[in-house]
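Participant: In our numbering, the protein residues as written are 923 to 1128.
Take a look at the structure:
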(Lines of atoms letter the chains of each structure in order from A and count residues from 1; the text may use other names and numbers.)
(Lines give C-alpha, C1' and ligand atoms only; values in the text may rest on other atoms or scores of the structure.)
Protein backbone atom coordinates (compact mmCIF):
# COMPACT_ATOMS: atom_id res chain seq x y z
CA UNK A 1 0.00 0.00 0.00
CA UNK A 2 1.18 3.47 0.91
CA UNK A 3 4.29 2.15 2.63
CA UNK A 4 5.37 0.22 -0.44
CA UNK A 5 4.89 3.34 -2.52
CA UNK A 6 7.26 5.34 -0.31
CA UNK A 7 9.58 3.38 1.98
CA UNK A 8 10.99 6.67 3.25
CA UNK A 9 7.78 7.58 5.09
CA UNK A 10 9.10 7.25 8.65
CA UNK A 11 5.84 8.05 10.39
CA UNK A 12 3.90 5.42 8.46
CA UNK A 13 6.65 2.82 8.77
CA UNK A 14 6.81 3.39 12.52
CA UNK A 15 3.07 2.90 12.89
CA UNK A 16 3.19 -0.31 10.86
CA UNK A 17 6.22 -1.65 12.75
CA UNK A 18 4.65 -0.81 16.11
CA UNK A 19 1.45 -2.66 15.16
CA UNK A 20 3.51 -5.66 14.03
CA UNK A 21 5.46 -5.68 17.29
CA UNK A 22 2.27 -5.55 19.34
CA UNK A 23 0.95 -8.50 17.33
CA UNK A 24 4.13 -10.47 18.07
CA UNK A 25 5.22 -10.31 14.42
CA UNK A 26 8.79 -9.30 15.13
CA UNK A 27 10.26 -10.62 11.87
CA UNK A 28 7.72 -8.56 9.91
CA UNK A 29 8.56 -5.49 11.98
CA UNK A 30 12.24 -5.97 11.23
CA UNK A 31 11.45 -6.17 7.50
CA UNK A 32 9.36 -3.00 7.68
CA UNK A 33 12.14 -1.07 9.40
CA UNK A 34 14.88 -2.52 7.19
CA UNK A 35 12.96 -1.38 4.11
CA UNK A 36 13.15 2.19 5.41
CA UNK A 37 16.91 1.81 5.89
CA UNK A 38 17.31 0.68 2.27
CA UNK A 39 15.84 3.87 0.89
CA UNK A 40 16.68 6.41 3.55
CA UNK A 41 17.20 6.45 7.30
CA UNK A 42 15.22 5.62 10.39
CA UNK A 43 14.21 8.44 12.68
CA UNK A 44 14.65 8.32 16.46
CA UNK A 45 11.48 6.34 17.09
CA UNK A 46 12.25 3.97 14.23
CA UNK A 47 15.60 3.12 15.78
CA UNK A 48 13.89 2.66 19.15
CA UNK A 49 11.45 0.19 17.58
CA UNK A 50 14.39 -1.63 15.97
CA UNK A 51 16.02 -1.85 19.41
CA UNK A 52 12.86 -3.54 20.71
CA UNK A 53 12.84 -5.96 17.76
CA UNK A 54 16.51 -6.82 18.32
CA UNK A 55 15.81 -7.38 22.01
CA UNK A 56 13.08 -9.88 21.17
CA UNK A 57 15.39 -11.47 18.63
CA UNK A 58 17.95 -12.27 21.30
CA UNK A 59 20.53 -9.72 20.18
CA UNK A 60 21.41 -7.43 23.09
CA UNK A 61 24.27 -5.93 21.10
CA UNK A 62 22.01 -5.16 18.15
CA UNK A 63 19.43 -3.72 20.52
CA UNK A 64 22.01 -1.51 22.22
CA UNK A 65 23.37 -0.31 18.87
CA UNK A 66 19.91 0.64 17.61
CA UNK A 67 19.04 2.38 20.87
CA UNK A 68 22.30 4.32 20.72
CA UNK A 69 21.26 5.64 17.31
CA UNK A 70 17.82 6.51 18.68
CA UNK A 71 19.29 8.48 21.56
CA UNK A 72 21.75 10.29 19.31
CA UNK A 73 18.86 11.27 17.04
CA UNK A 74 16.49 12.47 19.78
CA UNK A 75 17.05 11.44 23.39
CA UNK A 76 13.94 13.31 24.56
CA UNK A 77 11.49 11.59 22.21
CA UNK A 78 8.81 9.91 24.35
CA UNK A 79 8.81 6.82 22.15
CA UNK A 80 12.58 6.46 22.60
CA UNK A 81 12.32 6.85 26.36
CA UNK A 82 9.49 4.34 26.76
CA UNK A 83 11.34 1.88 24.50
CA UNK A 84 14.35 2.21 26.79
CA UNK A 85 12.12 1.44 29.77
CA UNK A 86 10.56 -1.53 27.95
CA UNK A 87 13.96 -3.04 27.19
CA UNK A 88 15.15 -2.48 30.76
CA UNK A 89 12.00 -4.28 31.95
CA UNK A 90 12.64 -7.19 29.57
CA UNK A 91 16.22 -7.45 30.83
CA UNK A 92 15.03 -7.39 34.43
CA UNK A 93 17.35 -4.44 35.01
CA UNK A 94 15.63 -2.79 37.96
CA UNK A 95 18.23 -0.02 38.55
CA UNK A 96 18.02 1.21 34.94
CA UNK A 97 14.23 0.85 34.90
CA UNK A 98 14.04 2.84 38.16
CA UNK A 99 16.05 5.70 36.67
CA UNK A 100 14.07 5.76 33.43
CA UNK A 101 10.71 5.48 35.22
CA UNK A 102 11.62 8.31 37.59
CA UNK A 103 12.57 10.55 34.65
CA UNK A 104 9.33 9.70 32.85
CA UNK A 105 7.26 10.29 36.00
CA UNK A 106 8.84 13.70 36.49
CA UNK A 107 8.06 14.82 32.92
CA UNK A 108 5.02 12.76 31.92
CA UNK A 109 3.59 11.40 35.17
CA UNK A 110 -0.02 11.63 34.04
CA UNK A 111 0.40 9.36 31.01
CA UNK A 112 -0.98 5.85 31.22
CA UNK A 113 2.15 4.26 29.70
CA UNK A 114 4.36 5.99 32.29
CA UNK A 115 2.25 4.60 35.11
CA UNK A 116 2.59 1.19 33.48
CA UNK A 117 6.37 1.28 33.92
CA UNK A 118 6.02 2.59 37.46
CA UNK A 119 3.70 -0.34 38.19
CA UNK A 120 6.13 -2.81 36.65
CA UNK A 121 9.01 -1.39 38.67
CA UNK A 122 7.02 -1.55 41.92
CA UNK A 123 6.07 -5.14 41.08
CA UNK A 124 9.73 -6.09 40.61
CA UNK A 125 10.61 -4.49 43.94
CA UNK A 126 7.70 -6.31 45.65
CA UNK A 127 6.05 -2.99 46.53
CA UNK A 128 2.55 -4.21 45.87
CA UNK A 129 0.58 -1.39 47.48
CA UNK A 130 2.56 1.15 45.48
CA UNK A 131 2.12 -0.95 42.35
CA UNK A 132 -1.65 -0.93 42.73
CA UNK A 133 -1.77 2.83 43.13
CA UNK A 134 0.02 3.25 39.82
CA UNK A 135 -2.29 0.64 38.28
CA UNK A 136 -5.32 2.67 39.34
CA UNK A 137 -3.82 5.85 37.89
CA UNK A 138 -3.07 4.11 34.60
CA UNK A 139 -6.55 2.68 34.05
CA UNK A 140 -8.26 5.87 35.19
CA UNK A 141 -6.24 7.73 32.56
CA UNK A 142 -6.89 5.10 29.87
CA UNK A 143 -9.40 2.33 30.77
CA UNK A 144 -8.53 0.31 27.64
CA UNK A 145 -4.80 0.07 28.44
CA UNK A 146 -4.59 -3.70 28.09
CA UNK A 147 -0.87 -3.71 28.93
CA UNK A 148 -1.78 -2.47 32.39
CA UNK A 149 -4.26 -5.29 33.01
CA UNK A 150 -1.66 -7.81 31.86
CA UNK A 151 1.01 -6.37 34.17
CA UNK A 152 -1.38 -6.34 37.13
CA UNK A 153 -2.38 -9.94 36.33
CA UNK A 154 1.29 -10.92 36.19
CA UNK A 155 1.65 -9.49 39.68
CA UNK A 156 -1.20 -11.66 40.94
CA UNK A 157 0.42 -14.71 39.35
CA UNK A 158 3.73 -13.87 41.03
CA UNK A 159 1.95 -13.68 44.39
CA UNK A 160 0.08 -16.91 43.70
CA UNK A 161 3.35 -18.72 42.99
CA UNK A 162 4.76 -17.72 46.39
CA UNK A 163 5.20 -20.78 48.59
CA UNK A 164 4.39 -18.77 51.73
CA UNK A 165 0.74 -18.17 50.89
CA UNK A 166 -2.10 -20.47 52.00
CA UNK A 167 -3.69 -22.37 49.11
CA UNK A 168 -6.95 -20.42 49.39
CA UNK A 169 -5.09 -17.13 48.93
CA UNK A 170 -3.15 -18.52 45.99
CA UNK A 171 -6.40 -19.51 44.29
CA UNK A 172 -7.82 -16.05 44.94
CA UNK A 173 -4.83 -14.43 43.25
CA UNK A 174 -5.13 -16.81 40.29
CA UNK A 175 -8.81 -15.93 39.92
CA UNK A 176 -7.88 -12.24 40.01
CA UNK A 177 -5.23 -12.84 37.34
CA UNK A 178 -7.75 -14.66 35.15
CA UNK A 179 -10.23 -11.77 35.39
CA UNK A 180 -7.50 -9.25 34.55
CA UNK A 181 -6.26 -11.22 31.54
CA UNK A 182 -9.85 -11.57 30.32
CA UNK A 183 -10.28 -7.81 30.75
CA UNK A 184 -7.15 -7.26 28.68
CA UNK A 185 -8.68 -9.42 25.95
CA UNK A 186 -11.86 -7.35 26.08
CA UNK A 187 -9.67 -4.33 25.33
CA UNK A 188 -7.64 -6.12 22.64
CA UNK A 189 -9.02 -9.46 21.55
CA UNK A 190 -5.85 -10.52 19.72
CA UNK A 191 -3.36 -9.71 22.49
CA UNK A 192 -0.96 -12.63 22.27
CA UNK A 193 0.51 -11.73 25.68
CA UNK A 194 -2.88 -12.03 27.40
CA UNK A 195 -3.79 -15.21 25.51
CA UNK A 196 -0.49 -16.92 26.38
CA UNK A 197 -0.69 -16.03 30.05
CA UNK A 198 -4.34 -16.93 30.34
CA UNK A 199 -3.38 -20.35 28.97
CA UNK A 200 -0.88 -20.70 31.82
CA UNK A 201 -3.66 -20.21 34.35
CA UNK A 202 -5.85 -22.87 32.77
CA UNK A 203 -2.83 -25.19 32.63
CA UNK A 204 -2.31 -24.69 36.37
CA UNK A 205 -5.96 -25.49 36.99
CA UNK A 206 -5.62 -28.67 34.97
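C-beta atoms are modelled at their ideal positions from N, C-alpha and C, and glycine is treated no differently.
Being a predicted model, the structure only gives us computed values, none of them experimental.
Taking DSSP as the reference, what is the three-state secondary structure of residue 1064?
Facilitator: coil
Participant: Identify whether residue 1092 lies in helix, strand or coil by the three-state DSSP scheme.
Facilitator: helix
Participant: For residue 999, which three-state DSSP category applies?
Facilitator: coil
Participant: Give the straight-line distance between the Cα atoms of residue 1055 and residue 935, rounded to the nearest whole angstrom.
Facilitator: 35 Å
Participant: Take residue 1005 as the anchor and find which of 983, 1122, 1035 has the nearest alpha-carbon.
Facilitator: 1035
Participant: Whole angstroms are fine: how far does the CA of residue 1104 sit from the CA of residue 998?
Facilitator: 35 Å
Participant: Going by C-alpha to C-alpha distance, which of 1074, 966, 946 sits closest to residue 933?
Facilitator: 966
Participant: For residue 974, does the count of other Cβ atoms within 10 angstroms reach 16, so buried, or fall short, so exposed?
Facilitator: buried
Participant: In whole angstroms, what is the alpha-carbon distance linking residue 982 and residue 970?
Facilitator: The straight-line gap separating the alpha-carbon atoms of residue 982 and residue 970 is approximately 13 Å.
Participant: Which residues in the same chain as residue 1124 place their Cβ atom closer than 7 Å to its Cβ, once the five residues preceding and following it in sequence are excluded?
Facilitator: none
Participant: Given residue 1018, which residues of its chain have a CB within under 6 Å of its CB, disregarding the five upstream and five downstream residues?
Facilitator: Leaving aside the five residues that flank residue 1018 on each side, the residues in its chain whose CB is nearer than 6 Å to its CB run, in chain order, 1010.
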